[in-house]
Every structure is written in C-alpha cells, then in structure tokens.
Amino acid sequence: MSRSAPGFEVRRIVVAIDTSSEAATALEEAAGLAARLHAELEGVYVQDINLEHLAGLPVGREIRFFNGEGRDFTTDALEADTRAQVFAVRRAVAAAAARARVDHAFRIARGHVDVEVLSAAGKGDLLIIGTGNRFPWGGARLGRTTWAAVQRASRSVLVSKPGARSAGVPLVCYDGSDGSRRALEAGLRIFGIHEGRLVVLVLAADAADAETLCRQVEDRLALLDVVPRFLYGARPLAHEVCRLAGESGAGVLVMAADCAALDGPHRQEVLETIACRVLIVR
Numbered sequence: 176m177s178r179s180a181p182g183f184e185v186r187r188i189v190v191a192i193d194t195s196s197e198a199a200t201a202l203e204e205a206a207g208l209a210a211r212l213h214a215e216l217e218g219v220y221v222q223d224i225n226l227e228h229l230a231g232l233p234v235g236r237e238i239r240f241f242n243g244e245g246r247d248f249t250t251d252a253l254e255a256d257t258r259a260q261v262f263a264v265r266r267a268v269a270a271a272a273a274r275a276r277v278d279h280a281f282r283i284a285r286g287h288v289d290v291e292v293l294s295a296a297g298k299g300d301l302l303i304i305g306t307g308n309r310f311p312w313g314g315a316r317l318g319r320t321t322w323a324a325v326q327r328a329s330r331s332v333l334v335s336k337p338g339a340r341s342a343g344v345p346l347v348c349y350d351g352s353d354g355s356r357r358a359l360e361a362g363l364r365i366f367g368i369h370e371g372r373l374v375v376l377v378l379a380a381d382a383a384d385a386e387t388l389c390r391q392v393e394d395r396l397a398l399l400d401v402v403p404r405f406l407y408g409a410r411p412l413a414h415e416v417c418r419l420a421g422e423s424g425a426g427v428l429v430m431a432a433d434c435a436a437l438d439g440p441h442r443q444e445v446l447e448t449i450a451c452r453v454l455i456v457r
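What follows is the structure, encoded as structure tokens:
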C-alpha cells in the first residue's frame, strides 16, 4: 500500500442496500473499504413509492420471475415484504460492520429510489452501488438507479461487480484535466497500489501530448514512491478499455466524472461490460 495521496478524503461511505445479491456484494465492498480508510459505514434502504402506488390499485397481481408463481399484490402484502426486507438488510449492515470493525448507521428512506439514493450520496464522501439488473443467463444491464448515480451523484461513486476480484491493480484514466488529477489521487487514496503496481491509461491526442501527460503523472507520484506503468489511447472505444483492463489485471477502473473520452453511451457500455469495478470520481 502506498502512502496516502493528498486531497481526497473518505470519512463516510454510503451503500445502497436491498436484498439482492448485487447489493450484498456492494455491502461487503463498502465494509472492507470503510475498515481500510477508517471511515463510517452507512446503509440506506429505500421504500419505493412507485410500488406503494401499484399495490394500492384495485387489481394487481405479482408473478415471480423464476418459478412463475403468482399472488395478489396488495398494500398488506407489500408492507409485509418491506418489513421482512428491512429486518434482513438492517442485520446484514450490522453484521458487515461488525466483521470489518467499523462504526455504522442504517437509514430508511421513502420515495423514488433514484432520487433518494442520490440524496443519500450527498451526505457521504463515497457511494457504493451494485450494477442493477443482472440476468440468469449472464450479462448485466445498468439499472436506472445506478445510472442516475453515475451521471448525477454529487459525490464519487463506486460501481461494484459480483464476482469481480477484490484485489488487483488500479487502472486510472488520465488526460491532464483537474478531474483526472483528482481521479489519480482518489485511486491511490482508496485502493493504494497492488503489489507495487499502478497502471495509468493516458488519454492524449498524439504521442507528444502523451509524453507530457506521462511526465505529469510521474512528477505527481514521485513523492509517493510510486512508479506507474503507462498505456496509451486517444479516444479508446469501450471494448478497448475493457480489454486493457483485463490485460493489465485491473481490479478497478478509476475515471473522472467529466472524462471526455468516456462519456455518455461509451461510459454506459464500459460499466455494463467491464469485468472489474468502476470508480467515478467527483
């Protein structure tokens, strides 16, 4: 682990939690980072008012995806399910915090899920959230709440991935902007270095610009005694970023929220297809 990088502090980690396997992965990630960074862990569970409105309709039926069984979807049924879920996730947060030996809090919010998660993120320094919609036959589609957090959260967001390695070299996207400098610091602060290694994906218009950016990174890391490995890309396509992450052994891809080379649909494709976690830095 390198010495701490300046300028990026994490004192409170917020994790969006429900009873899904993706949320369980995010919770373990959050607890582990809270222990490493000496931060407080806060679990947030959102009661979805859209489901409440649906349950209040005079005719409603719920069909379970995996077995095709159905039942009446009523307000009473939803309230019973919510109580059971709150009990389960509250215990899960407490247990994860106990294993990690960190202080924790648990909060229930009620409203639109994406709005409430964004609000909760603003009360912490780092939001950790799962990818969202995964399919039994494999693959994933970024859920609405996760995409809203990636696009609009006021704090940094770590998108966790079920099955992703918990260790691995950080791969930082760097283009010389203020945002990418903060991403470099955040990657070091949160993940340190892995077996003495840090990989930097330099996003430059040409070889001369790339050389200048490499020198900037080397100067910035000199005091931390970190010697990075550099990769180069002008405007890499999403599949190229995913390939480079795999070949470099990346455990996490770190990029600034305003990274111009990976914006809009390119960012969504990276998030949905990359095997490792992704940290969006603000």
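To get our numbering, take the position in the sequence shown, counting from 1, and add 175.
Even for Gly, the Cβ is constructed at its ideal location relative to N, Cα and C.
Can you check whether the CB of residue j is closer than 8 Å to the CB of residue i?
{"i": "Thr-200", "j": "Gly-305", "result": "yes"}
{"i": "Ala-206", "j": "Arg-274", "result": "yes"}
{"i": "Asp-300", "j": "Glu-184", "result": "yes"}
{"i": "Gly-218", "j": "Val-261", "result": "no"}
{"i": "Ile-283", "j": "Tyr-220", "result": "yes"}
{"i": "Ala-361", "j": "Val-456", "result": "yes"}
{"i": "Leu-363", "j": "Val-392", "result": "no"}
{"i": "Pro-345", "j": "Phe-366", "result": "yes"}
{"i": "Val-401", "j": "Ile-368", "result": "yes"}
{"i": "Cys-451", "j": "Ala-339", "result": "yes"}
{"i": "Leu-333", "j": "Glu-197", "result": "no"}
{"i": "Ala-431", "j": "Ser-355", "result": "yes"}
{"i": "Asp-409", "j": "Ile-449", "result": "Rather than Asp, the amino acid found at residue 409 in this sequence is Ala. Result no, Cβ atoms of Ala-409 and Ile-449 do not sit closer than 8 Å."}
{"i": "Val-290", "j": "Ala-324", "result": "no"}
{"i": "Ala-280", "j": "Ala-328", "result": "no"}
{"i": "Gly-343", "j": "Val-453", "result": "no"}
{"i": "Leu-317", "j": "Glu-422", "result": "no"}
{"i": "Arg-265", "j": "Ala-210", "result": "no"}
With respect to the alpha helix (DSSP H) encompassing residue i, which residues constitute its N-terminal and C-terminal limits?
{"i": "Val-264", "result": "250 to 275"}
{"i": "His-287", "result": "Neither: His-287 is in no alpha helix (DSSP H) and is coded neither H nor E."}
{"i": "Ile-365", "result": "353 to 366"}
{"i": "Ala-198", "result": "196 to 212"}
{"i": "Cys-389", "result": "382 to 397"}
Which residue marks the beginning of the beta strand (DSSP E) containing residue i, and which one marks its end?
{"i": "Ala-191", "result": "187 to 191"}
{"i": "Gly-218", "result": "215 to 223"}
{"i": "Ile-455", "result": "452 to 456"}
{"i": "Ser-331", "result": "331 to 334"}
{"i": "Pro-440", "result": "Pro-440 -> not in any beta strand (DSSP E); alpha helix (DSSP H) instead, spanning 439 to 448."}
{"i": "Ala-431", "result": "425 to 431"}
If I'm right that residue i touches residue j with Cβ under 8 Å, what's the distance once you round it to whole angstroms?
{"i": "Arg-187", "j": "Ala-230", "result": "In fact, because the Cβ distance is near 33 Å, the residues do not count as touching under 8 Å."}
{"i": "Leu-399", "j": "Val-416", "result": "Not quite, the Cβ-Cβ distance comes to about 25 Å (not below 8 Å), so this is no contact."}
{"i": "Ile-192", "j": "His-287", "result": "That pair is no contact at about 17 Å."}
{"i": "Leu-202", "j": "Ala-252", "result": "Not really, about 26 Å apart at Cβ, beyond 8 Å."}
{"i": "Ala-397", "j": "His-441", "result": "32 Å between Cβ atoms; not a contact."}
{"i": "Leu-373", "j": "Tyr-349", "result": "Not really, about 11 Å apart at Cβ, beyond 8 Å."}
{"i": "Trp-143", "j": "Gln-443", "result": "This structure cannot speak to residue 143, because the chain is shown only from 176 to 457."}
{"i": "Leu-216", "j": "Ala-272", "result": "5 Å"}
For residue i, which residues does DSSP report across the bridge?
{"i": "Leu-348", "result": "Note on identity: in this sequence residue 348 is Cys, with Leu being the wrong assignment. Paired residue(s): Leu-376."}
{"i": "Arg-410", "result": "Partner(s): none; Arg-410 has no beta bridge."}
{"i": "Leu-129", "result": "Residue numbering for the chain in the displayed model covers 176 to 457; residue 129 lies beyond these limits and cannot be assessed."}
{"i": "Arg-404", "result": "Val-374"}
{"i": "His-279", "result": "Leu-216"}
contact_flag[the segment 400 to 407, the segment 372 to 387] where n(CB pairs < 8 Å) is 3 or more: Three or more beta-carbon pairs separated by less than 8 Å link the segment 400 to 407 to the segment 372 to 387, which places the two stretches in contact.
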